[in-house]
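Q: Have a look at the structure that comes next, please.
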Amino acid sequence: MKAVIRIREQDHVATAITSLEPGDVAQITGVSNGETIVVREAIPAGHKIALRPIAPEEEILKYGEVIGAATAPIDAGHWVHVHNCWGLKARRFS
Amino acid sequence: MKFKGYRRADGSIGIRNHILIIPTVSCVNRVAMEICARTRAVTFTHPYGCTFDAEENNTTEHAYIGYGRHPNVGAVLVLSLGCETASAVKVADAIRETGKPVEMLTVQQAGGARASGRQGIEIVQRLQEELDKIPLTEADLSELIIGLECGSSDAFSGLTANPAVGEAADLIVDAGGTVVLSEITEMVGAENVLARRACDVQVRDELLQLIKKYEIDLSFSTEDDSGIFISPGNIAGGLTTIEEKSLGCIYKAGTRAITEVVGYGNKPTRKGVIIMDTPGFDIASVTGKVAGGAHMVLFTTGKGTPTGSPIAPVVKISSNNATFERLREDTDISAGDILEGKKTLQQVGREIFDLVLRIANGDEAKSEYFSVQEFAIPNVSVVKKEAIHAELAKLNDFRFVQPT
Chain A
150 MKAVIRIREQ
160 DHVATAITSL
170 EPGDVAQITG
180 VSNGETIVVR
190 EAIPAGHKIA
200 LRPIAPEEEI
210 LKYGEVIGAA
220 TAPIDAGHWV
230 HVHNCWGLKA
240 RRFS
Chain B
177 MKFKGYRRAD
187 GSIGIRNHIL
197 IIPTVSCVNR
207 VAMEICARTR
217 AVTFTHPYGC
227 TFDAEENNTT
237 EHAYIGYGRH
247 PNVGAVLVLS
257 LGCETASAVK
267 VADAIRETGK
277 PVEMLTVQQA
287 GGARASGRQG
297 IEIVQRLQEE
307 LDKIPLTEAD
317 LSELIIGLEC
327 GSSDAFSGLT
337 ANPAVGEAAD
347 LIVDAGGTVV
357 LSEITEMVGA
367 ENVLARRACD
377 VQVRDELLQL
387 IKKYEIDLSF
397 STEDDSGIFI
407 SPGNIAGGLT
417 TIEEKSLGCI
427 YKAGTRAITE
437 VVGYGNKPTR
447 KGVIIMDTPG
457 FDIASVTGKV
467 AGGAHMVLFT
477 TGKGTPTGSP
487 IAPVVKISSN
497 NATFERLRED
507 TDISAGDILE
517 GKKTLQQVGR
527 EIFDLVLRIA
537 NGDEAKSEYF
547 SVQEFAIPNV
557 SVVKKEAIHA
567 ELAKLNDFRF
577 VQPT
């Protein structure tokens, strides 16, 4: 089974170890109770998958810390990257 | 935790016994390279040594001196052209304070490149005879300074290699040793996490001010805020924001208290976790930590890199097994088994710690196969000048443009 790594229990995202295709069922490893996640979108290896729905402007957690905020609604199983997540630091000077 | 090293006149301990040739200006790189090709000496090539920028000149001399005084260096040949702005005499005098042999050779006085090459070989051979007599003596891990670095990162660096090095860093610090985390640009976004670990208010404030200085400097010199501070390669690898990248990066330094903040190329005065002011560019960052006395550098990488240091083993830890296989000759150990669920972070951290002891004891790191290695200093002045030029351009003042 394909796998994704979650680093902290509260994280919204996990990192894909291999590339994921829509319909794949991926095992959540790292911090896990043996859950799985259904992949809804193609996600390259090393990129992040949403583990639950994320609302626009909601802060996104990885390492148990805020890595940015959603710029659009993100459903579980979808790819989280620069197209729907923006860093909070980077916007300070705009 | 004991190992065998080379005790120096100033009491410090080296894990290598190098003769270092310091070319004080880029014009004589070739002479240094030729001497190294024909002896066991080591050197570095670089584009520095002649500038009217006082800050760059000071930083250059400071780095040369740090390299020359380094405990892994048993003897030094300062190789000068004769007309450069970096002072060979100043460099040689500062290194002599440690009590190690320092020779000088000036190419313009010695009869040119070939003649000074021949004389340099004779000097090195003479120094080598002395160095070979230095016995190995027992030393303690608590005397070691270990630099922490990452380069050519991918999304796995922050998940496997960096946290595994963090485990090793905790073991080193718990054994009384010292680790140095740097690359302040990589801390922007994770400053609050680091500030919580400072040993006291003074260290916390110095750290926050340092990170803020970098953030402000960078904000002057970038146009697009959206991808600020992270490279297209990082984004292609799956990193989305500077916060995410920084959090992955600082995991290298483990979890122990931060005890001191030091300037570029400065030697820590405390043990524990040290933060050094260096830029994000790997080569300038490694150079700063080695100039500040790091005996060895643990260098995590996602996609792989061969870079090293002429005087300190730079140990490569890959974040994944594919890179380890592809760059087997450049990569010392892989944290990839964590990805594959075969090992825990703690297991790989222990393996890295054991590797540190073996390399301190004389095992060769993969990067050490070549006697001429990389060297760079921060290019801080360029950022400042660009900011000044941008302000002048707004006033329609273009006198700073060089006539072509």
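Chains A and B, in that order, give the protein sequences.
Under our numbering, the first residue of the first sequence is numbered 150, with each subsequent residue one higher.
Under our numbering, the first residue of the second sequence is numbered 177, with each subsequent residue one higher.
Ideal placement from N, C-alpha and C gives every residue a C-beta, glycine not left out.
If you're wondering where the values come from, they're calculated on a predicted model, not measured in any experiment.
Just to make sure I have the definition right: I need the residues of chain E whose C-beta is within less than 7 Å of the C-beta of threonine 178 of chain A. Which are they?
A: No chain E is present in this structure, whose protein chains are A and B.
Q: Taking Cβ-Cβ distances below 7 Å as the criterion, which residues of the region 409-433 of chain B are in contact with chain A?
A: The residues in question are Ile411, Gly413, Gly414, Thr416, Thr417, Ile418, Glu419, Glu420, Leu423.
Q: Going along the chain, which unbroken runs of the alpha helix (DSSP H) with 4 or more residues stay wholly within the region 400-435 of chain B?
A: If we require 4 residues or more, the alpha helix (DSSP H) runs fully inside the region 400-435 of chain B come out as 408-413, 418-426.
Q: When the Cα atoms are used, what is the spatial distance from threonine 417 of chain B to glycine 236 of chain A?
A: Looking up residue 417 of chain B in the second sequence gives position 241. Looking up residue 236 of chain A in the first sequence gives position 87. Their backbone Cα atoms lie some 5 Å apart in a straight line.
Q: Quick check: the region 322-334 of chain B against the region 471-484 of chain B, are at least 3 beta-carbon pairs closer than 8 Å?
A: As far as the Cβ criterion goes, the region 471-484 of chain B touches the region 322-334 of chain B, which means the pair count is three or higher.
Q: In whole angstroms, what separates the C-alpha of arginine 272 of chain B from that of valine 300 of chain B?
A: As a first step, residue 272 of chain B must be located in the second sequence, where it is residue number 96. As a first step, residue 300 of chain B must be located in the second sequence, where it is residue number 124. Whole-angstrom Cα-Cα distance: 17 Å.
Q: Below 8 Å on C-beta distance, what does valine 369 of chain B contact in chain A?
A: As a working mapping, residue 369 of chain B is identified with position 193 in the second sequence. Neighbours of valine 369 of chain B on chain A, chain order: Glu214.
Q: For the region 218-231 of chain B against the region 304-314 of chain B, do three or more pairs of beta-carbon atoms, one drawn from each stretch, fall closer than 8 Å, so that the two count as touching?
A: Cβ pair count under 8 Å is below three, so no.
Q: What residues from the region 331-348 of chain B come within 7 Å of chain A, judged by C-beta to C-beta, listed N to C?
A: Cβ contacts with chain A: Ala331, Phe332, Leu335.
Q: Taking just the CA atoms, how far does valine 283 of chain B sit from alanine 270 of chain B?
A: Counting from 1 along the second sequence, the entry for residue 270 of chain B is found at position 94. Counting from 1 along the second sequence, the entry for residue 283 of chain B is found at position 107. Their Cα atoms are separated by approximately 21 Å.
Q: Please name the residue or residues paired with phenylalanine 475 of chain B in a DSSP beta bridge.
A: Taking the first residue of the second sequence as position 1, residue 475 of chain B is located at position 299. Phenylalanine 475 of chain B is bridged to B/Glu325, B/Lys492.
Q: Whole angstroms are fine: how far does the CA of glycine 226 of chain A sit from the CA of glycine 439 of chain B?
A: Counting from one through the second sequence, the residue named residue 439 of chain B turns up at place 263. Counting from one through the first sequence, the residue named residue 226 of chain A turns up at place 77. Spanning the two alpha carbons is a distance of roughly 45 Å.
Q: Going by CA-CA distance only, name the one from B/Ser485, B/Val204, B/Lys389 that's closest to alanine 262 of chain B.
A: Position 86 of the second sequence holds residue 262 of chain B. When each option's Cα is compared against that of alanine 262 of chain B, the closest is B/Val204.
Q: Measuring alpha carbon to alpha carbon, tell me which of B/Cys259, B/Val532, B/Leu335 ends up nearest alanine 589 of chain B.
A: The structure shown does not extend to residue 589 of chain B, since chain B is modelled only from 177 to 580, so the question has no answer here.
Q: Going by CA-CA distance only, name the one from B/Lys276, B/Ile197, B/Val207, B/Ser329 that's closest to asparagine 496 of chain B.
A: The count along the second sequence starts at 1 and reaches residue 496 of chain B at position 320. It is B/Ser329 whose Cα lies nearest to the Cα of asparagine 496 of chain B.
Q: Which runs of the beta strand (DSSP E) spanning at least 3 residues fall entirely within the region 191-224 of chain B, listed in chain order?
A: Here the runs fully enclosed are 194-199, 218-220.
Q: Shortest alpha-carbon distance to alanine 412 of chain B belongs to which of B/Met452, B/Gly478, B/Gly525?
A: The residue given as residue 412 of chain B occupies position 236 in the second sequence. Nearest C-alpha to alanine 412 of chain B: B/Gly478.
Q: My output table needs one value for glutamine 378 of chain B: the three-state DSSP class, helix, strand or coil.
A: Along the second sequence, read from residue 1 onward, the residue named residue 378 of chain B stands at position 202. Three-state DSSP puts glutamine 378 of chain B in a helix.
Q: What is the DSSP secondary structure of glutamate 279 of chain B, counted as helix, strand or coil?
A: Here residue 279 of chain B refers to the residue found at position 103 when the second sequence is read from its first residue. Looking at glutamate 279 of chain B - three-state DSSP - the assignment turns out to be strand.
Q: Compare the Cα-Cα distances from threonine 167 of chain A to each of A/Pro193, A/Asn182, A/Arg157 and report the closest residue.
A: Here the question's residue 167 of chain A lines up with position 18 in the first sequence. It is A/Pro193 whose Cα lies nearest to the Cα of threonine 167 of chain A.
Q: Would you call alanine 213 of chain B buried or exposed, if buried means 16 or more other Cβ atoms sit within 10 Å of its Cβ?
A: In the second sequence, the residue the question calls residue 213 of chain B occupies position 37. Looking at its Cβ environment, which holds fewer than 16 other Cβ atoms inside 10 Å, alanine 213 of chain B is exposed.
Q: Between the region 336-351 of chain B and the region 519-538 of chain B, do at least 3 Cβ pairs fall closer than 8 Å?
A: Yes: at least three Cβ pairs fall under 8 Å.
Q: In angstroms, rounded to a whole number, what distance separates the CA positions of alanine 175 of chain A and tyrosine 243 of chain B?
A: One-based indexing of the first sequence puts residue 175 of chain A at position 26. One-based indexing of the second sequence puts residue 243 of chain B at position 67. Between alanine 175 of chain A and tyrosine 243 of chain B, the C-alpha separation is close to 50 Å.
Q: Should aspartate 506 of chain B be labelled buried (16 or more other beta-carbon atoms within 10 Å of its own) or exposed?
A: One-based indexing of the second sequence puts residue 506 of chain B at position 330. The residue in question, aspartate 506 of chain B, is buried, as its Cβ has 16 or more Cβ neighbours within 10 Å.
Q: Ordered along the chain, which non-local residues of its own chain (more than five positions away) have a Cβ less than 7 Å from that of leucine 531 of chain B?
A: Counted from its first residue, the second sequence places residue 531 of chain B at position 355. Only Val491, Asp508, Ile509 meet the Cβ criterion.
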